[in-house]
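S.K.: The sequence shown: position 245 = 245 (full-length UniProt numbering), numbered continuously.
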Amino acid sequence: MHEGLLRSADKFPEKTAILAEGQPYPYAQLKRDVLNIAEYLMLKGIQRGSRCVIYMDNTYECVASVYAVLAIGGVFVLVNPQTKRDKLHYILNDCNASALLASSHLYQNFKNAADEVPPLQVVVSSGDDVPDPRVRPFSELLKPTEPDLDLPQIIPNDLAALIYTSGSTGRPKGVMHTHSTMLFALGSLIEYLRLRETDRMLVVLPLSFDYGLYHLFMCVQLGATLVLERSFAFPSAIYNRIREAKVSVFPGVPSLFSLLLSSHKRQRLEFPSVTRVTNTAAALPHQFVSELKEIFPNALIYKMYGQTECKRVCFLEPELVDEKPNSVGKAIPGTEVFIADEQGKRLGPGHSGTLYVRGPHIMLGYWNLPEETEKVLLKGDLPGERVLCTQDLFKMDDEGFLYFHGRNDDIIKSGGEKVSPTEIENVLLSIDGIKEAAVVGVDDEVLGEATKCFLVLECDAEISALQVKKACAEKLENFMVPKHVEFVEELEKTVTGKISKKNLK
Numbered sequence: 001m002h003e004g005l006l007r008s009a010d011k012f013p014e015k016t017a018i019l020a021e022g023q024p025y026p027y028a029q030l031k032r033d034v035l036n037i038a039e040y041l042m043l044k045g046i047q048r049g050s051r052c053v054i055y056m057d058n059t060y061e062c063v064a065s066v067y068a069v070l071a072i073g074g075v076f077v078l079v080n081p082q083t084k085r086d087k088l089h090y091i092l093n094d095c096n097a098s099a100l101l102a103s104s105h106l107y108q109n110f111k112n113a114a115d116e117v118p119p120l121q122v123v124v125s126s127g128d129d130v131p132d133p134r135v136r137p138f139s140e141l142l143k144p145t146e147p148d149l150d151l152p153q154i155i156p157n158d159l160a161a162l163i164y165t166s167g168s169t170g171r172p173k174g175v176m177h178t179h180s181t182m183l184f185a186l187g188s189l190i191e192y193l194r195l196r197e198t199d200r201m202l203v204v205l206p207l208s209f210d211y212g213l214y215h216l217f218m219c220v221q222l223g224a225t226l227v228l229e230r231s232f233a234f235p236s237a238i239y240n241r242i243r244e245a246k247v248s249v250f251p252g253v254p255s256l257f258s259l260l261l262s263s264h265k266r267q268r269l270e271f272p273s274v275t276r277v278t279n280t281a282a283a284l285p286h287q288f289v290s291e292l293k294e295i296f297p298n299a300l301i302y303k304m305y306g307q308t309e310c311k312r313v314c315f316l317e318p319e320l321v322d323e324k325p326n327s328v329g330k331a332i333p334g335t336e337v338f339i340a341d342e343q344g345k346r347l348g349p350g351h352s353g354t355l356y357v358r359g360p361h362i363m364l365g366y367w368n369l370p371e372e373t374e375k376v377l378l379k380g381d382l383p384g385e386r387v388l389c390t391q392d393l394f395k396m397d398d399e400g401f402l403y404f405h406g407r408n409d410d411i412i413k414s415g416g417e418k419v420s421p422t423e424i425e426n427v428l429l430s431i432d433g434i435k436e437a438a439v440v441g442v443d444d445e446v447l448g449e450a451t452k453c454f455l456v457l458e459c460d461a462e463i464s465a466l467q468v469k470k471a472c473a474e475k476l477e478n479f480m481v482p483k484h485v486e487f488v489e490e491l492e493k494t495v496t497g498k499i500s501k502k503n504l505k
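#1: In terms of residue numbering, what span does the beta strand (DSSP E) encompassing residue 322 cover?
#2: Answer with buried or exposed for residue 330, where buried requires no fewer than 16 other C-beta atoms within 10 angstroms of its C-beta.
#3: Using a Cβ-Cβ cut-off of 8 Å (strictly less than) and excluding sequence neighbours within five positions of residue 362, which residues of its own chain qualify?
#4: Is the number of C-beta pairs between the segment 37-44 and the segment 181-196 that are closer than 8 Å three or more?
#5: Hey, which unbroken runs of the beta strand (DSSP E) at 3 residues or more fall wholly within the segment 341-413?
#6: Between which two residues does the beta strand (DSSP E) carrying residue 303 extend?
#7: Assuming residue 247 and residue 274 are in contact, meaning their beta carbons sit under 8 Å apart, how far apart are those beta carbons, in whole angstroms?
#8: Quick check for students: name the residue ranges of the beta strand (DSSP E) that lie wholly in the UniProt domain "AMP-binding enzyme C-terminal" (423-498), counting only runs of 3 or more.
#9: In the DSSP output, which residue or residues are listed as bridge partners for residue 77?
#10: Please report how far the alpha carbon of residue 397 lies from the alpha carbon of residue 360, in whole angstroms.
#11: Please list the segments of the beta strand (DSSP E) lying wholly inside the segment 225-260, counting only runs of 3 or more residues, in order along the chain.
#12: Just verifying my parser: in three-state terms, what is the DSSP assignment at residue 181?
#13: Residue 203 lies in the beta strand (DSSP E); which residues open and close that run?
#14: Hey, quick one: how far does the beta strand (DSSP E) through residue 101 stretch, first residue to last?
#15: Have a look at 303, 379, 448 and flag the residue whose alpha-carbon is nearest the alpha-carbon of residue 412.
#16: Is the segment 129-145 in contact with the segment 9-27, if contact means three or more CB pairs nearer than 8 Å?
#17: Just to confirm the assignment: which complete beta strand (DSSP E) runs, minimum length 3, are found wholly within the segment 118-175?
#18: If you draw a straight line from the C-alpha of residue 402 to the C-alpha of residue 284, how long is it?
#19: Counting only the same chain and skipping the five closest in sequence on each side, list residues whose C-beta sits under 7 Å from that of residue 14.
#20: Quick check: what's the CA-CA separation for residue 204 versus residue 212?
#21: Since I believe residue 253 is in contact with residue 199 (beta carbons under 8 Å), could you give me their beta-carbon distance rounded to a whole number of angstroms?
#22: Go ahead and label residue 324 buried or exposed: buried means 16 or more other beta carbons lie within 10 angstroms of its beta carbon, across all protein chains shown.
#23: In this structure, how does DSSP classify residue 7 when only helix, strand and coil are distinguished?
#24: Could you name the residues of the same chain whose beta carbon sits closer than 7 Å to that of residue 245, not counting the 5 residues immediately before and after it, in chain order?
#25: I need the boundaries of the alpha helix (DSSP H) containing residue 37, first residue and last residue.
#26: Nearest to residue 98 by CA position, among 69, 87, 81, is which residue?
#27: Would you call the CB atoms of residue 87 and residue 172 closer than 8 Å?
#28: What is the rounded straight-line gap between the Cα of residue 450 and the Cα of residue 145?
#29: Would you please state the rounded distance, in angstroms, between the beta carbons of residue 126 and residue 110? I believe it to be under 8 Å.
#30: Which class does residue 281 belong to by DSSP, given the choice of helix, strand or coil?
#31: Terminal residues of the continuous alpha helix (DSSP H) containing residue 18?
#32: Where residue 425 and residue 4 are concerned, what is the direct C-alpha to C-alpha distance, given to the nearest angstrom?
#33: Work out the CA separation of residue 393 and residue 406 for me, nearest whole Å.
#34: Quick one: measure Cβ to Cβ for residue 487 and residue 457, integer angstroms, because I've assumed they're closer than 8 Å.
#35: Are at least three pairs of beta-carbons, each pair with one atom in the segment 332-347 and one in the segment 234-245, less than 8 Å apart?
#36: Counting only the same chain and skipping the five closest in sequence on each side, list residues whose C-beta sits under 6 Å from that of residue 210.
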């Protein structure tokens with residue numbers, strides 16, 4: 001994966017690789033900083049196969065850290081900066097992290113990591129210095145010259161990344177991707193999105209979200225420019241950046257596009273430099289498409305569907321966005337998909353069933369979870385082959401176009417993030433006065449699914465919906481905080497005593 005950076009730096013040394021909040025970083029500087037960080041990590045004992053957690057905002061330091069870990073044959077583990085202390089420490093321990101590179105403003109969440117995670121050898125922070133001698137400032141890693149460094153030999157089958165995603169048990173699962181699976185996905189994405197080295201791609205989505213991450217990888221692989229922003233919190237600043245940087249690729253999710261369209265209704269927006277608009281996560285409502293064409297008059301609009309376990313499953317050719325308004329298209333180049341019933345029998349057009357994926361982009365499995373892996377990586381038709389069971393329900397029409405019909409497990413997919421109901425329920429039940437809790441996903445035009453909790457209170461307990469949300473926000477990422485709260489006298493149970501979530505939905 002890191003070889004794309006070395007090639008682009010040799011070919012375009014003075015070209016801007018990363019435009020981070022308006023600050024340009026050329027390819028030659030990115031290569032130099034990556035190799036200096038790599039040298040530091042190697043001197044500290046980080047080696048091929050070591051897991052390195054990167055707990056940062058969308059910054060230049062985050063980008064350089066990802067490539068430094070890849071260059072030494074390490075395994076990068078990007079953690080959303082919204083993640084609170086308990087989950088961060090769980091991930092650090094679960095993957096036996098050897099290094100933690102973090103943003104200094106998150107210090108309160110990681111300050112005890114060196115004591116509580118025994119394998120941790122290195123803790124580095126970017127931004128302001130922190131008052132802790134065990135934490136090295138990021139600036140110490142960087143030098144004005146490129147080091148004379150012998151990088152270890154890496155082969156395509158080596159593990160490159162652990163991407164943590166919510167699991168049905170309430171604990172996140174580490175999705176294992178090799179250099180090979182990621183490089184294949186990169187090539188397929190670049191091909192069908194029709195990308196080139198002259199593109200300037202905007203990323204406001206978290207790099208910890210693989211949709212944002214792969215735009216970084218595509219840029220560097222091509223020698224293009226990544227226009228990196230921390231978030232979409234200040235839309236007017238982002239709009240100015242699009243114009244100033246002449247952004248050509250605008251990736252988003254429905255919740256982001258909803259904010260964009262709201263701005264457009266108040267004051268007309270138009271970005272003629274953008275030639276491709278891409279959407280994934282929840283389905284893009286078709287009524288958004290015509291309005292997006294007003295904002296991006298020269299852009300092809302792509303609808304896509306994917307999973308962390310294989311990055312991308314399918315895409316709809318932009319020329320068909322009006323002809324097939326409810327479809328998410330066909331399998332990405334170099335892969336195949338099919339639909340099967342509960343017995344694994346393949347289904348023909350018009351029948352609803354579970355979607356299965358074949359291709360070189362499928363994950364290696366879940367980190368240290370062989371039983372969970374066996375549930376989704378199943379025996380294929382070819383000897384020795386494993387196919388991915390998406391656990392999502394689809395239909396296929398006579399022309400082979402796919403239509404999403406919902407999930408057949410408990411995981412909620414909200415705004416592109418996988419949300420575990422169990423994890424939220426555990427937090428809810430820790431709140432004084434709550435006797436029982438159940439969390440389900442409910443239809444939401446923008447998010448696809450929104451989280452809703454049903455609560456039974458103890459006798460005489462008085463708790464408001466606002467108090468519930470505030471308590472959740474202290475322990476959960478923002479996207480996991482229930483959007484809807486409903487208090488009920490009792491929760492219906494099945495004959496085995498389990499809460500009947502089907503009826504709640």
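Quick reminder that beta carbons are idealized off the backbone N, C-alpha and C, glycines included.
Predicted model only: the values in this text are computed from it and were never measured.
M.R.: So, to answer that:
#1: As a working mapping, residue 322 is identified with position 322 in the sequence shown. Per DSSP, residue 322 belongs to no beta strand (DSSP E) and is neither H nor E.
#2: As a first step, residue 330 must be located in the sequence shown, where it is residue number 330. Per the 10 Å Cβ criterion, buried.
#3: The residue given as residue 362 occupies position 362 in the sequence shown. Excluding sequence neighbours, residue 362 sits near 181, 309, 310, 377, 386, 387, 388.
#4: no
#5: 353-358, 377-379, 386-396, 402-407
#6: Residue 303 sits at position 303 when you count from the first residue of the sequence shown. Run containing residue 303: 300-305, per the beta strand (DSSP E) assignment.
#7: Within the sequence shown, the letter at position 247 stands for residue 247. Within the sequence shown, the letter at position 274 stands for residue 274. Yes, they are in contact, since the Cβ atoms of residue 247 and residue 274 sit about 6 Å apart, within 8 Å.
#8: 434-444, 448-457, 484-487
#9: Residue mapping note: residue 77 aligns to position 77 of the sequence shown, counting from 1. In the DSSP output, where bridge partners are listed per residue, residue 77 has 53.
#10: In the sequence shown, residue 397 corresponds to position 397, counting from 1. In the sequence shown, residue 360 corresponds to position 360, counting from 1. Roughly 25 Å between the two C-alpha positions.
#11: 225-228, 249-252
#12: For the purposes of this step, residue 181 is taken as residue 181 along the sequence shown, with counting starting at 1. Residue state, collapsed to three classes: helix.
#13: Numbered from 1 along the sequence shown, position 203 holds the residue referred to as residue 203. Looking at the DSSP string, the run of the beta strand (DSSP E) that includes residue 203 is 200-203.
#14: As a working mapping, residue 101 is identified with position 101 in the sequence shown. Per DSSP, residue 101 belongs to the beta strand (DSSP E) from 99-103.
#15: For the purposes of this step, residue 412 is identified with residue 412 of the sequence shown, where counting begins at 1. With distances taken between Cα atoms, residue 412 lies closest to 448.
#16: no
#17: 122-126, 159-165
#18: To locate residue 402, count along the sequence shown from 1; it is residue 402. To locate residue 284, count along the sequence shown from 1; it is residue 284. Distance between the alpha carbons of residue 402 and residue 284 is about 14 Å.
#19: Taking the sequence shown and counting its residues from 1, one reaches residue 14 at position 14. Answer for residue 14: 26, 28, listed in chain order.
#20: Along the sequence shown, one-based indexing puts residue 204 at 204. Along the sequence shown, one-based indexing puts residue 212 at 212. The alpha-carbon atoms of residue 204 and residue 212 are separated by roughly 8 Å.
#21: To locate residue 199, count along the sequence shown from 1; it is residue 199. To locate residue 253, count along the sequence shown from 1; it is residue 253. Rounded, the Cβ-Cβ distance is 20 Å, inconsistent with contact.
#22: Your numbering for residue 324 matches position 324 in the sequence shown. Looking at its Cβ environment, which holds 16 or more other Cβ atoms inside 10 Å, residue 324 is buried.
#23: What you label residue 7 is simply residue 7 of the sequence shown in a count that begins at 1. Looking at residue 7 - three-state DSSP - the assignment turns out to be helix.
#24: As a first step, residue 245 must be located in the sequence shown, where it is residue number 245. Counting only Cβ-Cβ distances below 7 Å, and skipping sequence neighbours, we find 19, 200, 227.
#25: Along the sequence shown, one-based indexing puts residue 37 at 37. Start and end: 27-43.
#26: Taking the first residue of the sequence shown as position 1, residue 98 is located at position 98. Among 69, 87, 81, the Cα nearest to that of residue 98 belongs to 69.
#27: Within the sequence shown, numbered from 1, the residue matching residue 87 stands at position 87. Within the sequence shown, numbered from 1, the residue matching residue 172 stands at position 172. The answer is yes: Cβ separation under 8 Å.
#28: Taking the first residue of the sequence shown as position 1, residue 450 is located at position 450. Taking the first residue of the sequence shown as position 1, residue 145 is located at position 145. So the alpha carbons of these two residues sit roughly 50 Å apart.
#29: Within the sequence shown, the letter at position 126 stands for residue 126. Within the sequence shown, the letter at position 110 stands for residue 110. Actually they are not in contact, since the Cβ atoms of residue 126 and residue 110 sit about 12 Å apart, beyond 8 Å.
#30: The residue labelled residue 281 in the question sits at position 281 within the sequence shown. Here residue 281 sits in coil by DSSP.
#31: The residue you call residue 18 lines up with position 18 of the sequence shown. That residue, residue 18, is in no alpha helix (DSSP H); its beta strand (DSSP E) goes 16-20.
#32: In the sequence shown, residue 425 corresponds to position 425, counting from 1. In the sequence shown, residue 4 corresponds to position 4, counting from 1. Distance between the alpha carbons of residue 425 and residue 4: 43 Å.
#33: Counted from its first residue, the sequence shown places residue 406 at position 406. Counted from its first residue, the sequence shown places residue 393 at position 393. When rounded, the distance between both Cα atoms is 5 Å.
#34: The residue given as residue 487 occupies position 487 in the sequence shown. The residue given as residue 457 occupies position 457 in the sequence shown. The pair is a contact, with the Cβ atoms about 6 Å apart (cut-off 8 Å).
#35: no
#36: The count along the sequence shown starts at 1 and reaches residue 210 at position 210. These residues qualify, in order along the chain: 163, 308.
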